[in-house]
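Structure first, commentary second.
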Amino acid sequence: MSDQWLEEFLYPETTLEASGRKPLDFEYIHKELAKPNVTLSLLHHEYEIECRANHKIPYSYCSFVRHYSKYADKYKATLRIRRKPGEIMEVDWAGSTAFIIDRDTGERD
0 MSDQWLEEFL YPETTLEASG RKPLDFEYIH KELAKPNVTL SLLHHEYEIE CRANHKIPYS
60 YCSFVRHYSK YADKYKATLR IRRKPGEIME VDWAGSTAFI IDRDTGERD
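The sequence shown begins at 0 in numbering that gives the first Met the number 0 and counts up by one.
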């Protein structure tokens, strides 16, 4: 009898699957977050719609984020790059691009 088995036996509601809620697909969430303009809020909204369609109980947004954060902590990779300030200019091209409106014509570029 392992500690994990004993804990699941004594506290079955603490496991994600035994709580009566639809289990979270962490791999799908992780993959979708890599796409542009996808947020945890959007993924939670889609998850809620899917749960209601299948007559399952969804996790609250707070629980959804907490469970995903525990999963994502395994994949946190960081790299420190030491540089002198002002030595190199770097531009972040992530996310949606900005647009410019021509003042005279009103055209959007």
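We treat Cβ as the ideally placed atom computed from N, Cα and C, and that holds for glycine.
Beta-carbon separation (whole angstroms), Cys50 vs Lys69, contact threshold 8 angstroms: Reading the sequence shown from its first residue, position 51 is the one you call residue 50. Reading the sequence shown from its first residue, position 70 is the one you call residue 69. 20 angstroms between Cβ atoms; not a contact.
Cβ neighbours of Tyr110 in the same chain (closer than 6 angstroms, five flanking residues each side left out): Since the displayed the chain opens at 0 and closes at 108, residue 110 lies outside it and no answer follows.
Residue environment, Phe8, which counts as buried when at least 16 other CB atoms sit within 10 Å: Residue 8 sits at position 9 when you count from the first residue of the sequence shown. Phe8 comes out exposed.
Local conformation of Arg65 per DSSP, three classes: Counting from one through the sequence shown, the residue named residue 65 turns up at place 66. Of the three classes helix, strand and coil, the one that applies to Arg65 here is helix, per DSSP.
Proximity of Tyr58 and Leu23 at Cβ, strictly below 8 angstroms: Here residue 58 is taken as the residue at index 59 of the sequence shown, counted from 1. Here residue 23 is taken as the residue at index 24 of the sequence shown, counted from 1. Contact: yes.
Bridge partner(s) assigned by DSSP for Arg20: Mapped onto the sequence shown, residue 20 falls at position 21. Bridge partners of Arg20: Ile56.
Whole-angstrom C-beta distance between Phe63 and Leu46, which should lie under 8 angstroms: Counting from 1 along the sequence shown, the entry for residue 46 is found at position 47. Counting from 1 along the sequence shown, the entry for residue 63 is found at position 64. Inspection of the sequence shows that residue 46 is occupied by Tyr rather than by Leu. That belief holds up - the Cβ atoms of Tyr46 and Phe63 are roughly 7 angstroms apart, short of 8 angstroms.
Assigned exposure category for Ile28 - 16 Cβ within 10 Å defines buried: As a position in the sequence shown, residue 28 is number 29, starting the count at 1. Classification of Ile28: buried, given that the 10 Å Cβ count is 16 or more.
Whole-angstrom distance between Phe98 and Asp91, CA atom to CA atom: Looking up residue 91 in the sequence shown gives position 92. Looking up residue 98 in the sequence shown gives position 99. Distance between the alpha carbons of Asp91 and Phe98 is about 15 angstroms.
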